[in-house]
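Reading through the structure tokens given below for one structure.
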Amino acid sequence: MAFAMGGLGCSTVRSSAVRTGPLNLPARSGAVGIYTTAPPPGGRDLGFVEVHAIAEEGVVENLLPVFAQRVAQLGGNAALVERVSARFQIVNYWQGGYSSYNCWHSRFRCYGSSAYPVSQEVMFVVMSGRALTAPNQVGVP
Amino acid sequence: MNVRSRGQKLVLWAAFAASAVSSSAAIGCGGYTEVHEVIFRQPPPPTGRDVQVYVGDQTPPSAFYELAMLQAIGFDGDSNLEDVMGALRERGRMLGCDAIVRVRVELGYSMAHGYGVCVKWTAPTTKPPAPVPVAG
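Sequence lines, in order, name chains S and E.
Count along the first sequence from 1, then add 38; that gives the number in this note's numbering.
Count along the second sequence from 1, then add 922; that gives the number in this note's numbering.
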């Protein structure tokens, strides 16, 4: 799947953010402090955020900036990354191609297509956590 | 003619694919590990000490501050707990971490994924250095 999407030039990075609780802040721009082990002191929950991607795009360098963007969209200035986990799936698909060859007893070229089964293990990586708003946010846990 | 040759080619490709799978299973030794990271603070020089590991919700014995987020992905022969943990620990040592906390590892058939947070113990009187903010 990732290989096919990669071939088409599509990114596999997807994300979502859901507002939770009573606090409702407008989207903001600017720096977002990143926390990975505990929320910032006085931090108040704004929502739940997740980012996921497949295969080579599922790395923290790709996922974290998107996570921070989603936090800012919920009006947060602090991101608590609670979990980065992976799951694996074997994907079966047919790989095909076209080829040309000399036709039998002929000077003409023949063209044909072929397909063969391929199995590939694909890794899905999910980064999930919370968007928060914290007073005096400088990102120091 | 065309249909027949296409059928022959399909059989050939299937045989080739099957032989490729069996030969890779027979060899099955090579492997490599990638390490990815996001650094939150300027890392201190390596201490040379062994890096402690705390899995899941295990609580470290000291207060700490976060230095970096680490991710290791092992492929083929390295798709196991030891190689992934070894890669996280080695990268942590190079970054000057005292410990890697919140560690979790998931294993697939030919891939393994490990994640952890590289931390530095906080001395009672020192304040952690300022973090590098991530733009929203």
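Don't be surprised by glycine CBs; every beta carbon is placed ideally from N, CA and C.
Burial state of residue i, where buried means 16 or more other Cβ atoms lie within 10 Å
i, result
"A76(S)", "exposed"
"V995(E)", "The displayed chain sequence assigns Ile, not Val, to residue 995(E). Its Cβ being crowded by 16 or more others within 10 Å, I995(E) is buried."
"A143(S)", "First, the amino acid is wrong: residue 143(S) is His here, not Ala. Exposed, since its Cβ has fewer than 16 Cβ neighbours within 10 Å."
"I1022(E)", "buried"
"I949(E)", "Low confidence applies here, because I949(E) scores a pLDDT of 47, under 50, leaving its location unreliable; read the following figure in that light. It counts as exposed."
"I72(S)", "buried"
"G978(E)", "exposed"
"D972(E)", "exposed"
"N11(S)", "In the structure as shown, chain S begins at 39 and stops at 179. Residue 11(S) is therefore absent and cannot be evaluated."
"M1016(E)", "exposed"
"V56(S)", "exposed"
"G970(E)", "exposed"
Alpha-carbon spacing of residue i relative to residue j, whole angstroms
i, j, result
"A985(E)", "K1042(E)", "9 angstroms"
"C1040(E)", "A93(S)", "23 angstroms"
"R52(S)", "G1008(E)", "30 angstroms"
"P968(E)", "G1014(E)", "9 angstroms"
"E1028(E)", "G150(S)", "43 angstroms"
"R82(S)", "P982(E)", "25 angstroms"
"A106(S)", "V70(S)", "6 angstroms"
"L61(S)", "G952(E)", "52 angstroms"
"G1018(E)", "A990(E)", "10 angstroms"
"G68(S)", "Q111(S)", "11 angstroms"
"G135(S)", "E159(S)", "21 angstroms"
"E988(E)", "F962(E)", "7 angstroms"
"V104(S)", "R145(S)", "57 angstroms"
"T50(S)", "V129(S)", "16 angstroms"
"L102(S)", "W132(S)", "34 angstroms"
"P965(E)", "D1020(E)", "11 angstroms"
"P64(S)", "T58(S)", "14 angstroms"
"Q974(E)", "N1002(E)", "19 angstroms"
"S162(S)", "P173(S)", "Here the sequence assigns Phe to residue 162(S), which means Ser is not the residue at that position. So the two alpha carbons sit approximately 35 angstroms from each other."
"D885(E)", "R121(S)", "There is simply no residue 885(E) to check, as chain E begins at 923 and stops at 1058 in what is shown."
"R1011(E)", "Q993(E)", "11 angstroms"
"D1000(E)", "S1032(E)", "8 angstroms"
"C180(S)", "P155(S)", "Limits of chain S in this structure are 39 at one end and 179 at the other, which puts residue 180(S) out of reach."
"R1026(E)", "T171(S)", "27 angstroms"
"F86(S)", "E1004(E)", "33 angstroms"
"G1030(E)", "V957(E)", "17 angstroms"
"R125(S)", "C48(S)", "21 angstroms"
"S166(S)", "Y976(E)", "20 angstroms"
"Q127(S)", "A1034(E)", "12 angstroms"
"H90(S)", "R66(S)", "23 angstroms"
"L84(S)", "S123(S)", "22 angstroms"
Chain-ordered neighbours of residue i on chain A, where CB pairs are closer than 9 angstroms
i, result
"Y1031(E)", "Chain labels in this structure do not include chain A; the protein chains are S and E."
Cβ separation of residue i and residue j, assumed to be a contact under 8 angstroms, to the nearest whole Å
i, j, result
"E95(S)", "S54(S)", "Contact flag wrong, Cβ pair sits at about 16 angstroms."
"V98(S)", "E959(E)", "7 angstroms"
"C148(S)", "S138(S)", "7 angstroms"
"A169(S)", "V109(S)", "4 angstroms"
"T1044(E)", "V1006(E)", "The Cβ separation is near 27 angstroms, so there is no contact."
"G1036(E)", "R1024(E)", "G1036(E) to R1024(E), Cβ: 11 angstroms. No contact."
Just by C-beta distance, which residues in the segment 1014-1029 of chain E are closer than 7 angstroms to chain S?
-> V1023, R1024, R1026, E1028
Just checking, does the segment 109-126 of chain S make contact with the segment 59-78 of chain S on the three C-beta pairs under 8 angstroms criterion?
-> yes
When you check each C-beta in the segment 45-72 of chain S against every C-beta of chain E, which residues fall closer than 8 angstroms?
-> R66, S67, G68, A69, V70, G71, I72
Return the residues of the segment 78-109 of chain S that lie within a Cβ-Cβ distance of less than 7 angstroms from chain E, sorted by chain order.
-> V97, V98, E99, L102, P103, A106, Q107, V109
Please name the residues in the segment 975-992 of chain E whose beta-carbon is closer than 7 angstroms to at least one beta-carbon of chain S, in chain order.
-> Y987, E988, M991
Cβ-based contacts, 7 angstroms cut-off: residues of the segment 1035-1047 of chain E near chain S = H1035, Y1037, V1039
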